[in-house]
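Peer 1: Those sequence lines, one after another, are chains V and H.
Following the working numbering, the numbering of the first sequence begins with 1 at its first residue and continues without gaps.
Following the working numbering, the numbering of the second sequence begins with 1001 at its first residue and continues without gaps.
Number of protein chains: 2
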Amino acid sequence: MSKKIRIYEVGPRDGLQNEVVRLTPNLRIQFIKKLIASGVRHIETGAFVSEKWVPQMAGSAKISKKMASLKAQGNIPKDVKLCALVPNSYGMKLALASDVEEVAVFGAASESFSKMNINCSIDESLERFKQVADEAKKNKIRVRAYLSTVFGCPFEGEVSEAKVVKLTEKMLELGAYEVSLGDTIGVADPKQVERILKKIEKRISLKKIAMHFHDTRGTGLANVIMSLQMGITSFDSSLGGLGGCPYAPAATGNIATEDLVYTLHRMGYSTGIELSELIKINHWMAKHVKRSLPSKLGAAGIPKRVPVKKRKL
Amino acid sequence: MSKKIRIYEVGPRDGLQNEVVRLTPNLRIQFIKKLIASGVRHIETGAFVSEKWVPQMAGSAKISKKMASLKAQGNIPKDVKLCALVPNSYGMKLALASDVEEVAVFGAASESFSKMNINCSIDESLERFKQVADEAKKNKIRVRAYLSTVFGCPFEGEVSEAKVVKLTEKMLELGAYEVSLGDTIGVADPKQVERILKKIEKRISLKKIAMHFHDTRGTGLANVIMSLQMGITSFDSSLGGLGGCPYAPAATGNIATEDLVYTLHRMGYSTGIELSELIKINHWMAKHVKRSLPSKLGAAGIPKRVPVKKRKL
Chain V
1 MSKKIRIYEV
11 GPRDGLQNEV
21 VRLTPNLRIQ
31 FIKKLIASGV
41 RHIETGAFVS
51 EKWVPQMAGS
61 AKISKKMASL
71 KAQGNIPKDV
81 KLCALVPNSY
91 GMKLALASDV
101 EEVAVFGAAS
111 ESFSKMNINC
121 SIDESLERFK
131 QVADEAKKNK
141 IRVRAYLSTV
151 FGCPFEGEVS
161 EAKVVKLTEK
171 MLELGAYEVS
181 LGDTIGVADP
191 KQVERILKKI
201 EKRISLKKIA
211 MHFHDTRGTG
221 LANVIMSLQM
231 GITSFDSSLG
241 GLGGCPYAPA
251 ATGNIATEDL
261 VYTLHRMGYS
271 TGIELSELIK
281 INHWMAKHVK
291 RSLPSKLGAA
301 GIPKRVPVKK
311 RKL
Chain H
1001 MSKKIRIYEV
1011 GPRDGLQNEV
1021 VRLTPNLRIQ
1031 FIKKLIASGV
1041 RHIETGAFVS
1051 EKWVPQMAGS
1061 AKISKKMASL
1071 KAQGNIPKDV
1081 KLCALVPNSY
1091 GMKLALASDV
1101 EEVAVFGAAS
1111 ESFSKMNINC
1121 SIDESLERFK
1131 QVADEAKKNK
1141 IRVRAYLSTV
1151 FGCPFEGEVS
1161 EAKVVKLTEK
1171 MLELGAYEVS
1181 LGDTIGVADP
1191 KQVERILKKI
1201 EKRISLKKIA
1211 MHFHDTRGTG
1221 LANVIMSLQM
1231 GITSFDSSLG
1241 GLGGCPYAPA
1251 ATGNIATEDL
1261 VYTLHRMGYS
1271 TGIELSELIK
1281 INHWMAKHVK
1291 RSLPSKLGAA
1301 GIPKRVPVKK
1311 RKL
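1) Just the Cα atoms here: how many angstroms apart are Val-21 of chain V and Thr-216 of chain V?
2) Chain H partners of Thr-24 of chain V, CB-CB under 8 Å?
3) So the beta strand (DSSP E) Asp-236 of chain V belongs to, where does it begin and stop?
4) Is any beta-carbon of chain V found at less than 8 Å from that of Met-1267 of chain H?
5) Does the beta-carbon of Ser-237 of chain V have 16 or more other beta-carbons within 10 angstroms, so that it is buried, or is it exposed?
6) Please tell me whether Thr-1263 of chain H and Asp-189 of chain V are closer than 8 Å, where the distance is taken between their beta carbons.
7) Please decide whether Asp-14 of chain V counts as near chain H, where near means a Cβ-Cβ distance under 8 Å.
8) DSSP three-state call for Met-171 of chain V: helix, strand or coil?
9) Quick one: is Pro-303 of chain V near chain H, going by C-beta distance under 8 Å?
10) Check distances from the C-beta atoms of the region 1180-1191 of chain H to those of chain V and list, in chain order, the residues that come in under 9 Å.
11) In whole angstroms, what separates the C-alpha of Ile-1209 of chain H from that of Ser-1180 of chain H?
12) At 8 Å on the CB atoms, spell out the chain H contacts of Thr-263 of chain V, in chain order.
13) Give me the Cα-Cα distance between Leu-260 of chain V and Thr-219 of chain V, rounded to the nearest whole angstrom.
14) Are the C-beta of Ala-1095 of chain H and some C-beta of chain V separated by less than 8 Å?
15) Under the three-state reduction of DSSP, which class applies to Val-1187 of chain H: helix, strand or coil?
16) Which partner residues of Cys-1120 of chain H appear in the DSSP bridge assignment?
17) If you compare alpha carbons, which of H:Ala-1108, H:Arg-1028 and H:Val-1132 is closest to Lys-1093 of chain H?
18) Quick check on Ser-160 of chain V - is its C-beta less than 8 Å from some C-beta in chain H?
19) Just tell me which of V:Pro-294, V:Ala-299, V:Lys-52 and V:Cys-120 has its CA closest to the CA of Ala-1299 of chain H.
20) Residue range of the beta strand (DSSP E) that Thr-45 of chain V falls in?
21) Does the contact criterion of 3 or more C-beta pairs under 8 Å hold for the region 170-185 of chain V versus the region 138-157 of chain V?
22) When you compare the CB positions of Ile-7 of chain V and Thr-271 of chain V, do they come within less than 8 Å of one another, or not?
23) Using the three-state DSSP reduction, which class does Phe-1113 of chain H fall into: helix, strand or coil?
24) Please list the partners that Lys-52 of chain V has in chain H, where partner means a Cβ-to-Cβ separation under 8 Å.
25) Which residues mark the beginning and the end of the beta strand (DSSP E) in which Ile-7 of chain V is found?
26) Please confirm if Lys-1296 of chain H has its CB atom under 8 Å from at least one CB of chain V.
27) Kindly identify the DSSP beta-bridge partner or partners of Arg-1142 of chain H.
28) Could you work out which residues of chain H lie near Ile-225 of chain V, taking near to mean beta carbons separated by less than 7 Å?
29) Over what stretch of residues does the beta strand (DSSP E) that includes Ala-1300 of chain H continue unbroken?
30) Provide the residue span of the alpha helix (DSSP H) that contains Ala-1095 of chain H, from first to last.
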């Protein structure tokens, strides 16, 4: 049997929150249903954040409620895990009222990024994290954690690897079942991935680590290869490579789910996902966000044999 | 000292021959001079093929002559190696008359691709190869060889790995100093790269092998990483990722030189190339081919630290 890799789809959240075009909650529900139908089993559906700051995520409560009700009715396979991003205890209240079954919390490995992104120090963010995690525990809700700027900070440049290890440990201690290490600005290279994971595995099982690469400089899949070699089996990605900076059209966001799935399947790993369905979702989504998505598979398609006779010379 | 990786720039040939916009020989000379100034030392400058079939390569003789004269006058560093593609002995005559110092010949690992691409069987192509190589030897000209469709054929699908090994050996026997293994249609995955290189290294030193990846499905740099791990030190790439199929706008060509150089430098390898200069050439070239080039570095740039105070929230 081939080794199973877990794909954690962040398109409806990390992807769409960085698109210029805002999709209605109903369209986002359609998107999530299509992802589930293609075989995706872990999906971040939205974020309980201020609509003023992140208007793209407006209506996340509606989405969570709808998906929870579909699951309760047996209209979604039981092994589907849906998650929503929660920044603080206020967000957690909204999430609880929306029947979420898993929440994702986040913090940065760089002090300046933490201050600029969520307007608090790393220590303060861990305090918020703890409040959310405690509330989650009480309500028997799973907690996933993101650690951002692991491979570089836009303000500070290099980030302390010792700090990355320490914060990862801390997040697990506070109750996260998994920490997703983010290359937020897309600067990581495979040697750096190897170096950091070697430091982490001295103290933490890599089964508790997911990797979250952005493909800003084309190194996303190369970093995945190194992570696989190190023993990582959980990766975040977004359908079509949705996302990136909305004000820099050529910049790309997360690695594209279909490019990741193509590569993994060709290498002999299994994901449970139907690649051709992902490509259909890519083309459907491109119409709604009104641009071609950066995914390579979306453009090039699954390799097919061309009948020799039909080829024009 | 960091390990040196050889970058073989194919943008002026493999890149431009697949662009819709045709550049004049004078512009292509400017392009090559800029590449040399950035530190690139191995460049394929053009092709001695029929202008009817490949109009983009018209004027390759002029380019070769000009570059040879600049080199003779000492206006180009001595360690710069320039090469031109030569399909047969007629092309070789033209190349010799244009003062080339190195020629590249090519063949396919798949019978159908050979017939569709160069209208002859693999055996016939090796015969042409031999004629060119013999002529080159007489004239003390170096010969490089391309083997295409190594990782998959658009007509036949899978390609025999035993055949790849046999043809690589044959090309070296006939006089090539290096064989460049091409993922012509961009389907390769890192496990396949590892498997094929393991078969090759049983019979051939990997010092005589270069890898030529296309980034059609985003796996180009991932395949480079595996090749580096196997001991490969020579890679083909094209500035900006120029090329691809001119009739499929989203399809990409060779891996982009700047993305490759960025990744290699971050991993601690040296190339002798100034990355920031490559990015300038990218932006210059984009104007001339009238499109943004697919390179990620061209869009995202070299990571820079952003002053915290200046960031808008």
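Every residue gets a Cβ at the ideal spot worked out from N, C-alpha and C, and that includes glycine.
Peer 2: Taking the definition as stated:
1) Position 21 of the first sequence holds residue 21 of chain V. Position 216 of the first sequence holds residue 216 of chain V. So the alpha carbons of these two residues sit roughly 20 Å apart.
2) Stepping through the first sequence from its first residue, residue 24 of chain V is reached at position 24. Within chain H, no residue comes near Thr-24 of chain V; the closest Cβ sits about 26 Å away, beyond 8 Å.
3) As a working note, residue 236 of chain V is residue 236 in the first sequence. Residues 234-237.
4) Counting from one through the second sequence, the residue named residue 1267 of chain H turns up at place 267. Output row for Met-1267 of chain H: interface = yes.
5) The residue given as residue 237 of chain V occupies position 237 in the first sequence. Label assigned to Ser-237 of chain V: buried.
6) If you number the second sequence from 1, residue 1263 of chain H lands on position 263. If you number the first sequence from 1, residue 189 of chain V lands on position 189. It is a contact, given that the beta carbons lie within the stated cut-off.
7) Start at 1 with the first residue of the first sequence, and residue 14 of chain V comes out as number 14. No, because no Cβ of chain H sits closer than 8 Å to the Cβ of Asp-14 of chain V.
8) Within the first sequence, the letter at position 171 stands for residue 171 of chain V. Residue state, collapsed to three classes: helix.
9) Locating residue 303 of chain V in the first sequence gives position 303, where the first residue counts as 1. So, interface residue.
10) Ile-1185, Gly-1186, Val-1187, Ala-1188, Asp-1189, Pro-1190 and Lys-1191
11) Reading the second sequence from its first residue, position 209 is the one you call residue 1209 of chain H. Reading the second sequence from its first residue, position 180 is the one you call residue 1180 of chain H. The straight-line gap from Cα to Cα measures roughly 6 Å.
12) Numbered from its first residue, the first sequence carries residue 263 of chain V at position 263. Per Cβ cutoff of 8 Å: Asp-1189, Pro-1190, Arg-1217, Gly-1218, Thr-1219 and Ala-1222.
13) Stepping through the first sequence from its first residue, residue 260 of chain V is reached at position 260. Stepping through the first sequence from its first residue, residue 219 of chain V is reached at position 219. Using only the alpha carbons, I get a separation of about 12 Å.
14) Within the second sequence, the letter at position 95 stands for residue 1095 of chain H. No, its Cβ sits nowhere closer than 8 Å to a Cβ of chain V.
15) Indexing the second sequence from 1 puts residue 1187 of chain H at position 187. In the structure shown, Val-1187 of chain H sits in coil (DSSP, three-state: anything other than H, G, I, E or B).
16) Locating residue 1120 of chain H in the second sequence gives position 120, counting from the first residue. Cys-1120 of chain H is not bridged to any residue.
17) Along the second sequence, one-based indexing puts residue 1093 of chain H at 93. Nearest C-alpha to Lys-1093 of chain H: H:Val-1132.
18) The count along the first sequence starts at 1 and reaches residue 160 of chain V at position 160. Output row for Ser-160 of chain V: interface = no.
19) Residue numbering aside, residue 1299 of chain H sits at position 299 when the second sequence is read from its first letter. Closest option to Ala-1299 of chain H, Cα to Cα, is V:Pro-294.
20) As a working mapping, residue 45 of chain V is identified with position 45 in the first sequence. That run of the beta strand (DSSP E) goes 42-47.
21) yes
22) Along the first sequence, read from residue 1 onward, the residue named residue 7 of chain V stands at position 7. Along the first sequence, read from residue 1 onward, the residue named residue 271 of chain V stands at position 271. In contact: Ile-7 of chain V and Thr-271 of chain V (Cβ atoms closer than 8 Å).
23) Taking the first residue of the second sequence as 1, we reach residue 1113 of chain H at position 113. Helix, per DSSP.
24) Here residue 52 of chain V refers to the residue found at position 52 of the first sequence. Going along chain H, no residue has its Cβ under 8 Å from Lys-52 of chain V, so there is no contact; the nearest lies around 12 Å.
25) Mapped onto the first sequence, residue 7 of chain V falls at position 7. 6-9 is the span of the beta strand (DSSP E), which, as asked, contains Ile-7 of chain V.
26) For the purposes of this step, residue 1296 of chain H is identified with residue 296 of the second sequence, where counting begins at 1. Answer yes: the Cβ-Cβ gap between Lys-1296 of chain H and chain V drops below 8 Å somewhere.
27) The count along the second sequence starts at 1 and reaches residue 1142 of chain H at position 142. According to DSSP, which records beta bridges pairwise, Arg-1142 of chain H is partnered with H:Glu-1102.
28) Here the question's residue 225 of chain V lines up with position 225 in the first sequence. In chain order: Pro-1190, Ala-1222, Ile-1225 and Met-1226.
29) Position 300 of the second sequence, counted from the first residue, corresponds to residue 1300 of chain H. No beta strand (DSSP E) contains Ala-1300 of chain H, which is instead part of the alpha helix (DSSP H) from 1296-1300.
30) Residue 1095 of chain H sits at position 95 when you count from the first residue of the second sequence. Unbroken alpha helix (DSSP H) run through Ala-1095 of chain H: 1089-1097.
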